[in-house]
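Protein chains in written order, with the working numbering: chain A, 206 to 639; chain B, 206 to 639. To keep things clear, I will list the structure first and then write my remarks on it.
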């Protein structure tokens, strides 16, 4: 490997230091040149004085922005410089020269519109602001995964291509699978459940869900990164909410201590409440919206986007960015448990975070006879669900789980206008490239 | 959560213990009953004596295999029992009764054919042998990921659905993407490279690659789990091999210490050589095959399956399960570096592990002009690669990487006949479900 130190790890010492990265900015003040080098950890100012190093001055004259260079020299404390140090080089090697017609501004926070930035995403991610989003995203995922690992959850991988028919609907992407028709998976729900039944009693999966909806909102994309979790031997859906809450709280806590640089760059103030996340019923949510905001969501069985945003505001003002809404009057999904005379109408919950639905979960129906009945009631073909019903027929513990949208979580943490900004190469009805 | 202890964590104490799981086996010796309970960590023998607990005896009479139960009682050391303990219950609760027509034998190692096992995979994974494969697989992935995390690699996520045209060939699965034609990603290669160019200079991705080939071998599936790695600021492809070797060695070492139970159950003797993995040139490999085995692969620019297997045997006999074959006379992939008068013909390598190609990698071409030339020579439409060429045009460090097949790695470690046995729900030309 080429010898070099990441900029953030540089410490002034007796010996020389080598850094490597892209030329972020060049300033020539006549007699003295400043070259700002950027690597993935930070930026370092390289100082070339004409009278000391005429050969290097000529080389800097030929440098262009985004050239890839390796610079070796003495690191000196300089409080006014970015990172508090400056490098006085003895050697500067150009590893690759960049083209000069950059399609996007990287060095300055110029507001190119989102579409242009996504069209040139491989350039856009060079800007320190965009880079911070993905560094943050990586840390969110690391923290969530570590929570589940530490709690003895097993990571599983379920298929992307699935048989057509099992879940109907226009929201599925058709795939030509050899001589058959297949679809891209909308959710690992059925696989998660048969695995819990088979003894994978605490599992999680970081996977991709595909939705072919023709949306045009700031909350939707066609390829969605999901954290899916399922666990057995629960008492009820509150156990599932406990897991959701503890894992999210852990991730947020970790970010506060380990992503300080990213949060600062993104100008985000991350509050993590010490109090439990509120758990309000669907009816309480509707009542609160009516009383506090005079807002009544049109569909009596659901909350609308505005309602979710207002609930978010209401609880945020009370120091609570996250709130569970528990129990919905009508259960749309056959696999969720619908308990007669239960304290709430169904054992479903949604998690709102800063006013956006991030996650949906609940206790599942593990009685196969009741499950069959509910599927028939909903007009589903039992033959399409053979592996699912078989998997649950041979001893299934009471279980539940949730699916958390990672893209939306990053959107909300980083306070981004649009969920596609939280994804390296997003997909939506109008975007299939890059 | 329902109170219980995983079987492997059970220790005889003064207080009572609760376990939960599936009924694996029942033996009734008249007056005394033995019920073997299975959870994901192990099996525990529950002993019910008729004269002590007539009520429990009746309950055990009604038990069936695979019923889900929770059992509370006193744990007693019993050296002859599995796990060295027995549980004398005060309470036995049936949480879910299983159907009685199990489609597969779970408790005894009966050799159902592979196809039947995969047809009923959710049942098959209940058998301790199959379960051990997936516990091992999970540990392989954990160990690999931890190596890359510790070495400051960033995890990225690239898209599954990509524009048709960029990579031609019959091996692509077509997707109907709204009103357009798209394909499932065959490799994150282009994305990895533009990200390295953009400053993600050490990255990895655990992703899925899709191959629509109509194969019928023991090494191929249609949905492939890959670990893709790319790194910048390399000297040459040997740096990439160093990373490949160190990460794989770490994973194998970890398994030896942390997957003892799984390796024992699968009857696998895992040798991890302390010597460096041999790196032989393509010509040396051909010569060795000719001299030692009188075998000459038909295609003069490649090794064949038999050749790989024989090389594997040759090095395994010398204590080396892994070997790199470096340099191929003709470079098929435009993105790999082809260095004139290089010590070897191209900067490509393959990693063979126990005689199977697990990984392929090399140094990439980072000179965009040369890259364009090579793409045109190969008849590619540059317009289809716009984002790739743009991404590499603005300063790209020398870089390289590899793609490691996780399914094959697990196949080879666990010594499985067929790669689909290493996958929970595999996909091949004949299999789209479960």
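Every residue gets a Cβ at the ideal spot worked out from N, C-alpha and C, and that includes glycine.
Continuous beta strand (DSSP E) assignments of at least 3 residues falling wholly in the stretch 256-280 of chain A: Secondary structure remark: continuous beta strand (DSSP E) runs of at least 3 residues inside the stretch 256-280 of chain A: none found.
Those residues which DSSP pairs with residue 591(B) across a bridge: Bridge partners of residue 591(B): none, in fact.
Chain A contact residues for residue 406(B), given Cβ-Cβ distances below 8 Å: 244 and 245, listed in chain order.
Exposed unless 16 or more other CB atoms sit within 10 angstroms - verdict on residue 294(A): Under this definition residue 294(A) is a buried residue.
Reduced DSSP secondary structure (H/G/I, E/B, other) of residue 368(B): In the displayed model, residue 368(B) falls within a strand according to three-state DSSP.
Close-in-space but distant-in-sequence residues of the same chain around residue 247(A) (CB under 6 Å, 5 per side omitted): Excluding sequence neighbours, residue 247(A) sits near 212, 213 and 288.
Proximal residues to residue 302(B) (C-beta, below 6 Å), its chain only, five neighbours per side dropped: So the list reads 272, once near-sequence residues are dropped.
The stretch 345-361 of chain A in contact with the stretch 444-463 of chain A per 3-pair CB rule at 8 Å: Short answer: they touch.
Which residues DSSP lists as bridging residue 227(B), in chain order: Residue 227(B) is bridged to 243(B) and 273(B).
Identity of the residue in 505(A), 562(A) and 500(A) nearest residue 528(A) by Cα: 562(A) is the residue among 505(A), 562(A) and 500(A) whose C-alpha sits nearest the C-alpha of residue 528(A).
Selection of the stretch 424-456 of chain A by Cβ proximity to chain B, strictly under 7 Å: Near chain B, meaning a CB-to-CB distance below 7 Å, the residues of the stretch 424-456 of chain A are 428, 430, 438, 439, 440 and 444.
Unbroken beta strand (DSSP E) run spanning residue 558(B), endpoints: Element bounds for residue 558(B): 553-558.
Interfacial residues, the stretch 340-357 of chain B to chain A, with Cβ spacing under 9 Å: Answer in chain order: 340, 342, 343, 346, 347, 350, 354 and 357.
Chain B within 8 Å of residue 549(A), Cβ atoms only: Low confidence applies to residue 549(A): its pLDDT is 46, below 50, so where it sits in the model is not reliable, and the reading given next is rough at best. No - not a single Cβ of chain B is within 8 Å of the one on residue 549(A).
Short CB-CB distance (under 8 Å) between residue 463(B) and chain A: With 8 Å as the cut-off, residue 463(B) does not count as an interface residue toward chain A.
Whole-number beta carbon distance between residue 327(B) and residue 312(A), since they are thought to touch under 8 Å: With 8 Å as the limit, residue 312(A) and residue 327(B) do not qualify as a contact, their Cβ atoms being about 54 Å apart.
Residue 206(B), DSSP secondary structure in three states: Three-state DSSP puts residue 206(B) in coil, outside helix and strand.
Residue 392(B) at chain A interface by Cβ criterion, 8 Å: False, the Cβ-Cβ gap to chain A never drops below 8 Å.
Cutoff 8 Å: residue 229(B) Cβ touching any chain A Cβ: Chain A contact via Cβ: absent.
Separation of residue 324(A) from residue 595(B), as counted between CA atoms: Their Cα atoms are separated by approximately 11 Å.
Distance, residue 238(B) Cα to residue 261(B) Cα: If I take the Cα positions, the gap works out to 10 Å.
Contacts of residue 598(B) in chain A (Cβ-Cβ under 8 Å): Taking a Cβ-Cβ cut-off of 8 Å, the neighbours of residue 598(B) in chain A comprise 303 and 304, given in sequence order.
Classification of residue 220(A) by the beta-carbon crowding that lies within 10 angstroms, buried from 16 upward: So residue 220(A) ends up on the exposed side.
Cβ contact (3+ pairs, closer than 8 Å) linking the stretch 351-371 of chain B and the stretch 483-500 of chain B: Taking 8 Å as the limit for Cβ pairs, the verdict is that the stretch 483-500 of chain B does not touch the stretch 351-371 of chain B.
Per-residue burial, residue 446(A) [other beta carbons within 10 Å of its own, 16 or more giving buried]: Answer is buried; the Cβ neighbour count reaches 16.
Cutoff 8 Å: residue 624(B) Cβ touching any chain A Cβ: Not one chain A Cβ lies under 8 Å of residue 624(B).
Nearest to residue 391(A) (by Cα), restricted to the options 610(A), 226(A) and 499(A): With distances taken between Cα atoms, residue 391(A) lies closest to 610(A).
C-beta neighbour in chain B for residue 640(A), strict 8 Å: A question about residue 640(A) goes unanswered here, because the residues of chain A that appear run from 206 up to 639.
Residue 225(B) versus 467(A), 516(A) and 437(A), residue with shortest Cα-Cα distance: Relative to residue 225(B), the option among 467(A), 516(A) and 437(A) whose CA is nearest is 437(A).
Chain D contact for residue 378(B) (CB, 8 Å cutoff): Absent from the structure: chain D. Protein chains present are A and B.
Chain-ordered neighbours of residue 403(A) on chain B, where CB pairs are closer than 8 Å: 327, 328, 330 and 331, listed in chain order.
Check whether residue 534(A) and residue 406(A) have beta carbons under 8 Å apart: If you check the CB distance, residue 534(A) and residue 406(A) do not come in under 8 Å.
Contacts that residue 637(A) makes with chain B (C-beta to C-beta distance below 8 Å): Those within 8 Å of residue 637(A) in chain B are 366, 367, 368, 382, 385 and 387.
Partner residues on chain B for residue 307(A), Cβ-Cβ distance less than 8 Å: Within chain B, 599 have C-beta atoms less than 8 Å from the C-beta of residue 307(A), given in sequence order.
Distance, residue 639(A) Cα to residue 597(B) Cα: Going by the C-alpha atoms only, they are around 13 Å apart.
CB contact check: residue 511(A) to chain B, cutoff 8 Å: With 8 Å as the cut-off, residue 511(A) does not count as an interface residue toward chain B.
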